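Report on the structure given below.
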Amino acid sequence: SLAEKLQDTLAKLRGKGKLSEDDVKAALKEVKMALLEADVNYKIVKDFVKKIEERAVGKEVMESLTPAQQVIKIVNEELQNLMGGTQSELNISSKPPTIIMMVGLQGSGKTTSAGKLARILSNKGKQPLLAAADVYRPAAIRQLQVLGERLDIPVFSMGDKKDPVDIAKGSLSYASSHNCDTIILDTAGRLHIDEEMMEELKLVKTAVEPDEILLVVDAMTGQDAVNVADNFDKKLNIDGIVLTKTDGDARGGAALSIKAVTGKPIKFVGTGEKLADLEQFHPDRMASRILG
Amino acid sequence: FSGRSGIDDDLFEELEEVLIQADVGVKTTFALIENLKEDVENEDIKEPEVLMDYFHKELKKLLQDEEGGIGLDDKLNIIMVVGVNGAGKTTTIAKIAGRFKEQGKRVMLAAGDTFRAGAIEQLQIWGDRLGINVISQQEGSDAAAVAYDAVQAAKAREMDLLIIDTAGRLHTQKNLMEELKKVKRIIDAQAAENNASVEVLLVLDATTGQNAISQAKIFNDAVKVDGIVLTKLDGTAKGGIVVAVKNELNIPIKLIGVGEAAEDLQDFNPEEFIKALFS
Ligand SMILES: Nc1nc2c(ncn2[C@@H]2O[C@H](COP(=O)(O)OP(=O)(O)OP(=O)(O)O)[C@@H](O)[C@H]2O)c(=O)[nH]1
Ligand SMILES: Nc1nc2c(ncn2[C@@H]2O[C@H](COP(=O)(O)OP(=O)(O)OP(=O)(O)O)[C@@H](O)[C@H]2O)c(=O)[nH]1
Ligand SMILES: [Mg+2]
Ligand SMILES: [Mg+2]
Chain S
52 SLAEKLQDTL AKLRGKGKLS EDDVKAALKE VKMALLEADV NYKIVKDFVK KIEERAVGKE
112 VMESLTPAQQ VIKIVNEELQ NLMGGTQSEL NISSKPPTII MMVGLQGSGK TTSAGKLARI
172 LSNKGKQPLL AAADVYRPAA IRQLQVLGER LDIPVFSMGD KKDPVDIAKG SLSYASSHNC
232 DTIILDTAGR LHIDEEMMEE LKLVKTAVEP DEILLVVDAM TGQDAVNVAD NFDKKLNIDG
292 IVLTKTDGDA RGGAALSIKA VTGKPIKFVG TGEKLADLEQ FHPDRMASRI LG
Chain L
113 FSGRSGIDDD LFEELEEVLI QADVGVKTTF ALIENLKEDV ENEDIKEPEV LMDYFHKELK
173 KLLQDEEGGI GLDDKLNIIM VVGVNGAGKT TTIAKIAGRF KEQGKRVMLA AGDTFRAGAI
233 EQLQIWGDRL GINVISQQEG SDAAAVAYDA VQAAKAREMD LLIIDTAGRL HTQKNLMEEL
293 KKVKRIIDAQ AAENNASVEV LLVLDATTGQ NAISQAKIFN DAVKVDGIVL TKLDGTAKGG
353 IVVAVKNELN IPIKLIGVGE AAEDLQDFNP EEFIKALFS
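Take a look at the structure:
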């Protein structure tokens, strides 16, 4: 773990008294390696290590009897500052229905997360409606309908020959006539560089003005996480992130990169394939996982 | 790199940056650059352009395998497709099936994901679109039973190729990896009885970071992977993870996915891949 590596690196100076510049450099190199191995974006790591360096050459580390522990403490603090701090509740509309729109790359976990979110809202006493706006992927609508059946939550669909904008609008009328106070709109996976598909999302956003746009990101995403998040955020002004598949052993550095580049909060984490597997995000847990 | 005046630390740092940002990973990047530095000494390389050309050739050697793409034997060929959730297994199966159907081969599919909502229907729709039969059972049935039925059916109907879909699973889920081993055992046993060949393809998503190495290791330990399919290369991710995987496990990279349609499948071409890595 990073803590152990830093202990080793700085242990050689036990009894030496003060840290030298080279000692600090060595410690920072360990931090850089740990974050890169955890998939944090290269440029984000550079900026982050600079921040650590500014504090590491200060008294708190240089004159400490346990410099390694001090560095770890600083890294942890800076990581948590980056990861947490912002509110992670869903936006609720003052005029129902509240509309939540799930967006993201292919296979990231949008449809499954839509079902999981509907379940959480239902348990909170809400009347959610799932809306099937993925008209491209074979059996995407069927997939959402099966999840709805399992949860006894209604699924609005207009089949796969209609425009997602019309489906989104249709879900609004359906929600009002069926007393649903929250709509969770599932959209097709798409590339952030697919102009036509990104435009489609913009049109859906304009048509129904979602209260919450959630970017669904796979926790095992590598360096590209920054490109994806930045693009989706610039084009849609997302409200938050759902980080999926955290039940694996990916360190999840993408979470740090995405937060650093968009400033948007991670609101939920997917912790498994079952519909109950969605939890609130804990910045401190994520920080220690990234550090490894 | 060609605009540079000489080979210096800055050049190597820039190279490190390109490789790490391409998801080649810290460990593999450092190993590659250390080797490169030695070669610069031994081969007395002075020009950055010569260095890059040399490096491209070294990477090509690493990534090359005599088996880009997939070939079929003159018998029933069974391909089992595995990988973590959402990597692109089902779609890749449709692409491979479409390719061989167009070549006049007799192809059959098995809906081995009996767990996820809509999984069987998803493969059935692909089967309908391609005019290919899909062997399936009820959702919730035993994946091994579907595999067993499928091999029997493929042999009986004299198929050239049977492709078996499996449910996505994280390599860290021990019980699901045990299930996968069981399905593989059934397939191997049936293949032996029916003079069929078996190949396992691991699907890796190009957007994946260093976790791909762990995925490849554990899937390989469970069911011996014969080849890798790298999907979603039509995005902005470079897929450098395959450099690390090839370096550590020497599993051939056979195919790449470059889109969501049936024709979006290409044989892995190391030269083009390396070119894209540095672009
Ligand atoms: N282990 C695990 N699997 C997950 C999680 N979230 C989703 N999955 C699985 O990931 C795969 C992809 O999930 P989907 O919900 O179909 O993803 P999607 O983003 O809707 O995919 P597209 O619509 O094709 O873009 C499925 O096998 C899900 O069961 C999670 O938190 N943990
Ligand atoms: N852009 C792009 N999308 C792809 C590619 N391959 C697959 N996809 C998409 O990725 C998503 C997931 O594909 P699936 O084939 O369902 O993935 P899977 O591995 O079978 O998923 P699970 O069975 O849930 O584990 C779908 O939206 C596909 O269309 C590719 O090469 N490029
Ligand atoms: Mg979906
Ligand atoms: Mg599948």
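Chains S and L are the protein sequences, given in the same order.
Per my numbering, the very first residue in the first sequence carries number 52; after that it's consecutive.
Per my numbering, the very first residue in the second sequence carries number 113; after that it's consecutive.
Note that beta-carbon positions come from the ideal geometry of N, C-alpha and C, so glycine has one too.
Every value quoted in this text rests on a predicted model; they were computed, and no experiment measured them.
Per DSSP, the bridge partner or partners of N245 of chain L: L:M220
Any non-hydrogen atom of ligand 3 within 7 Å of T161 of chain S CB: Sequence check: residue 161 of chain S is Lys here, not Thr. K161 of chain S Cβ: within cutoff of ligand 3.
Proximal residues to L223 of chain S (C-beta, below 8 Å), its chain only, five neighbours per side dropped: P148, I150, I234, V259
Nonlocal neighbours in the same chain, by C-beta distance under 6 Å from A265 of chain L, ignoring five residues either side: I247
Buried or exposed (CB count within 10 angstroms, at least 16 for buried), S145 of chain S: exposed
A373 of chain L beta carbon near ligand 1 (any heavy atom closer than 7 Å): no
At least three beta-carbon pairs within less than 8 Å, the region 178–192 of chain S to the region 236–254 of chain S: yes
Boundaries (first-last residue) of the alpha helix (DSSP H) holding G321 of chain S: It is not in any alpha helix (DSSP H) - G321 of chain S instead sits in the beta strand (DSSP E) that spans 317–321.
Neighbour list for P189 of chain S in chain L, Cβ cutoff strictly below 7 Å: Q234, I237, W238
Uninterrupted beta strand (DSSP E) stretches inside the region 204–270 of chain S (no shorter than 3 residues): 233–237, 263–269
Stretch-stretch touch, CB-based, cutoff 8 Å, three pairs: the region 198–217 of chain S with the region 157–171 of chain S: yes
Proximity test, G199 of chain S beta-carbon vs ligand 4 heavy atom, cut-off 7 Å: no
Under 8 Å from the C-beta of K286 of chain L: neighbouring residues of chain S: Chain S residues near K286 of chain L: none, gap ~12 Å exceeds 8 Å.
Coil, strand or helix - G339 of chain L by DSSP: strand
Any C-beta of chain S under 8 Å from that of Q215 of chain L: no
Distance CB(P334 of chain S)-CB(G158 of chain S) smaller than 8 Å: no
Chain S contact for K344 of chain L (CB, 8 Å cutoff): yes
Classification of N132 of chain S by the beta-carbon crowding that lies within 10 angstroms, buried from 16 upward: exposed
Nearest to G183 of chain L (by Cα), restricted to the options L:R211, L:A206, L:P160: L:R211
First through last residue of the alpha helix (DSSP H) which encompasses N154 of chain L: 138–154
Contact with chain S by V138 of chain L, beta-carbon distance below 8 Å: yes
Collapsed DSSP secondary structure at M164 of chain L in the structure displayed: helix
K344 of chain L beta carbon near ligand 1 (any heavy atom closer than 7 Å): no
Assigned exposure category for I190 of chain L - 16 Cβ within 10 Å defines buried: buried
Rounded straight-line distance, which links the Cα of A182 of chain S to that of A226 of chain S: 10 Å
DSSP beta-bridge partners of S309 of chain L: L:N189
Inter-residue spacing [alpha-carbon to alpha-carbon] between G371 of chain L and L314 of chain L: 18 Å
Beta-carbon proximity of K175 of chain L to F385 of chain L, cut-off 8 Å: It is worth fixing the name first, because residue 175 of chain L is Leu in this sequence and not Lys. Yes, the pair counts as a contact, with Cβ atoms nearer than the cut-off.
Proximity of A308 of chain L and K267 of chain L at Cβ, strictly below 8 Å: yes
Test item: CB-CB of G304 of chain S and D90 of chain S under 8 Å: yes
Under 8 Å from the C-beta of N197 of chain L: neighbouring residues of chain S: G158, G160, K296, E324
Complete runs of the beta strand (DSSP E) confined to the region 157–181 of chain S [at least 3 residues]: none
Inter-residue CB distance, G198 of chain L and G160 of chain S (contact presumed, cutoff 8 Å): 6 Å
T140 of chain L versus L:E153, L:I325, L:F380, residue with shortest Cα-Cα distance: L:I325
Presumed contact (8 Å Cβ cut-off) between L316 of chain L and G195 of chain L, rounded CB distance: 7 Å
Residues from the region 297–321 of chain L in contact with chain S, defined by Cβ distance under 9 Å: D317, A318, T319, T320, G321
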